[in-house]
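Student: Below: one structure in structure tokens.
Numbering (our numbering), first residue to last: 54 to 372.
Structure (structure tokens):
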């Protein structure tokens, strides 16, 4: 999927074709994406370097691939999944396979030709869903590093600001502040109320950058499609019985990111609370109705973290 737009240049391009339409490419985790980059003229001698420029890890640019037109060299963890499309002799588009959550971001295709270097920027957007996540110990218990680990344990990654902003435009309204991938803390508000910024206009509330090791907040996690699917087994079951019920069918307890993925991409709709891997009890609603939590918006409803001995709920399994 593509959306229109292009990045303005300080100078006119001589060798590379400015992408007139395909400045953003949208794909899902596990799929393939083509980031377009075309030459109008092929120099006698040149190199093309693909680099991931945003978001950066630890302030270091991530080189993905370099070619001199004859041989290609891959770099970094993304490198083995990267190759040039080479649909024709002027095509140096980047082909990425088995997309991961952290592949989301901006990439630069740079033609290096002596003093006439030039580049185009392409954005890869992994289609997914952002969800707020809280420690079972209560509100605001995650350092930045705890938040990273918590999202990873739930088949997700810390969301970027762009991902949180998109989720806000799609209806995410949450009054607890959470970490994002760049070490800043925010929360999205659609419906203003006294406890959430008072009379401020709707928007993304920002606490700015915070101390990653000393300050504690919740987390905003991001996930996308999964290879498996989530399904429900009726109870009543306590937590241990729920584990056994999934294992008996060759499955495991669903993670929070997996139930959000199935809700978002497979339209999972179930009005029954079920255990998840982290000890929480939740249920996914596509079509809100009176006896399913009372809310008027689709979403994942939560009962929090009941005692694991509670013999009330079913279970959501993943395989």
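Cβ coordinates follow ideal geometry from the N, Cα and C atoms, glycine included.
1. Give me the Cβ distance between residue 137 and residue 147, rounded to the nearest whole Å; I'm assuming they're in contact under 8 angstroms.
2. Considering only their Cβ atoms, is the gap separating residue 258 from residue 241 smaller than 9 angstroms?
3. Between which two residues does the alpha helix (DSSP H) carrying residue 312 extend?
4. Select from 266, 174, 164 and 71 the residue whose C-alpha is nearest the C-alpha of residue 106.
5. Are the CB atoms of residue 198 and residue 238 nearer to each other than 9 angstroms?
6. Excluding the 5 residues preceding and the 5 following residue 78 in the sequence, name in chain order all residues of the same chain whose CB lies nearer than 8 angstroms to its CB.
7. To the nearest whole angstrom, what separates the beta carbons of residue 322 and residue 337, a pair I think is in contact under 8 angstroms?
8. By how many angstroms is the C-alpha of residue 319 removed from the C-alpha of residue 139?
9. Residue 353 and residue 326 - do their beta-carbons sit closer together than 9 angstroms?
10. When you compare only the Cα positions, how much space is there between residue 288 and residue 182?
11. Would you tell me roughly how many angstroms separate the C-alpha atoms of residue 295 and residue 207, rounded to the nearest one?
12. By the DSSP assignment, the alpha helix (DSSP H) with residue 172 in it spans what residues?
13. From what residue to what residue does the beta strand (DSSP E) around residue 186 run?
14. Looking at the structure shown, is residue 359 part of a helix, part of a strand, or coil, going by DSSP?
15. Residue 311: buried (16+ other C-beta within 10 angstroms of its C-beta) or exposed?
16. Output needed for residue 62: all residues of its chain with C-beta closer than 6 angstroms, excluding positions within five of it in sequence on either side, in chain order.
17. Okay, do the segment 279-293 and the segment 224-232 touch, 3+ Cβ pairs below 8 angstroms being the bar?
18. Can you check the segment 249-308 for any beta strand (DSSP E) of at least 3 residues that lies completely inside it and give the ranges in chain order?
19. By Cβ distance, which residues of its chain are closer than 8 angstroms to residue 361, with the 5 residues on each side in sequence left out?
20. Taking residue 250 as the reference, give the member of 236, 268, 264 and 228 with the closest Cα.
21. For residue 187, is the classification buried or exposed, using 16 other Cβ atoms within 10 angstroms of its Cβ as the cut-off for buried?
22. Taking 9 angstroms as the cut-off, decide whether the C-beta atoms of residue 82 and residue 213 are in contact.
23. In angstroms with no decimal places, state the Cα-to-Cα distance between residue 167 and residue 275.
24. Mapping DSSP to helix, strand and coil, what is residue 345?
25. Starting from residue 335, follow its DSSP beta bridges and name the residues at the other end.
26. What residue range does the beta strand (DSSP E) around residue 161 cover?
27. If you draw a straight line from the C-alpha of residue 256 to the C-alpha of residue 128, how long is it?
28. According to DSSP, which residues form a beta bridge with residue 104?
29. Which residues share a DSSP beta bridge with residue 136?
30. Between residue 343 and residue 367, what straight-line distance do the alpha-carbon atoms span, to the nearest angstrom?
31. Are there 16 or more other CB atoms within 10 angstroms of the CB of residue 217, so buried, or fewer, so exposed?
32. Is the separation between the beta-carbon of residue 277 and that of residue 315 shorter than 9 angstroms?
33. Would you kindly report the start and end of the unbroken alpha helix (DSSP H) that includes residue 127?
34. 9 angstroms is my cut-off, CB to CB: does residue 275 come that close to chain B?
Tutor: Looking at the coordinates:
1. Indeed, because the Cβ distance is near 7 angstroms, the residues count as touching under 8 angstroms.
2. Taking 9 angstroms as the cut-off, the beta carbon of residue 241 is found closer than this to the beta carbon of residue 258.
3. 309-318
4. In this structure, 174 is the residue among 266, 174, 164 and 71 with its C-alpha nearest to the C-alpha of residue 106.
5. no
6. 54, 55, 86, 87, 88, 89, 175, 176, 177 and 178
7. By a beta-carbon distance limit of 8 angstroms, residue 322 contacts residue 337. Their separation comes to about 6 angstroms.
8. 34 angstroms
9. Between residue 326 and residue 353, the CB-CB gap reaches or exceeds 9 angstroms.
10. 28 angstroms
11. Annotation: residue 295 to residue 207 spans about 18 angstroms, alpha carbon to alpha carbon.
12. Element bounds for residue 172: not the alpha helix (DSSP H) but the beta strand (DSSP E), 171-179.
13. 182-186
14. coil
15. Counting of Cβ neighbours within 10 angstroms places residue 311 among the buried residues, the total reaching 16 or more.
16. The predicted position of residue 62 is uncertain, since its pLDDT is 48 and thus under 50; a value taken from the coordinates is nonetheless stated next. Taken in chain order, the list of residues that qualify is empty.
17. no
18. 256-262, 271-276 and 283-290
19. 291, 292, 293 and 332
20. 228
21. buried
22. no
23. 41 angstroms
24. coil
25. Looking at the DSSP assignment, residue 335 forms a beta bridge with 327 and 355.
26. 158-165
27. The C-alpha of residue 128 is placed about 39 angstroms away from the C-alpha of residue 256.
28. Residue pairing by DSSP places residue 104 opposite 116 and 161 in a beta bridge.
29. Beta-bridge partners of residue 136 (DSSP): 148.
30. Using only the alpha carbons, I get a separation of about 20 angstroms.
31. buried
32. No.
33. Per DSSP, residue 127 belongs to no alpha helix (DSSP H); it is in the beta strand (DSSP E), 125-127.
34. Here chain B cannot be found, since the structure has a single protein chain.
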